[in-house]
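S.K.:
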Amino acid sequence: MTSLRFQSVFDIIGPVMIGPSSSHTAGAVRIGKIVSSIFNDEPTEVEFQLFNSFAKTYRGHGTDLALVAGILG
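Residue numbers (the working numbering): 38 to 110.
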């Protein structure tokens, strides 16, 4: 018997985020959540390497905090 997993509407449309750039906050949270779902245990250390516009604007847009928030759930 196959088990069905129902998706939340938030899984489909993504979270509503406050910030100067939703792609750099909501997108980063989603990336963090995906990475977190790959591992079974909570990480003790995480290192992010950012490229292009993420690397240039991560502090001002809160991308660094969004990635950590996604990792932590």
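For glycine and all other residues, C-beta sits at the position ideal for the given N, C-alpha and C.
Counting C-beta neighbours from all protein chains within 10 Å, is the total for I108 16 or more, i.e. buried, or is it exposed?
M.R.: Here the question's residue 108 lines up with position 71 in the sequence shown. Per the 10 Å Cβ criterion, buried.
S.K.: From G99 to F88, what distance separates their C-alpha atoms?
M.R.: Within the sequence shown, residue 99 is the residue found at index 62, counting from 1. Within the sequence shown, residue 88 is the residue found at index 51, counting from 1. Cα-Cα distance, rounded: 15 Å.
S.K.: Just the Cα atoms here: how many angstroms apart are S60 and V72?
M.R.: In the sequence shown, residue 60 corresponds to position 23, counting from 1. In the sequence shown, residue 72 corresponds to position 35, counting from 1. Roughly 17 Å between the two C-alpha positions.
S.K.: What did DSSP end up calling N89 once you bin it into helix, strand or coil?
M.R.: Start at 1 with the first residue of the sequence shown, and residue 89 comes out as number 52. Of the three classes helix, strand and coil, the one that applies to N89 here is helix, per DSSP.
S.K.: What residue range is occupied by the uninterrupted alpha helix (DSSP H) comprising G107?
M.R.: Position 70 of the sequence shown, counted from the first residue, corresponds to residue 107. First-last of the alpha helix (DSSP H) with G107: T100 to L109.
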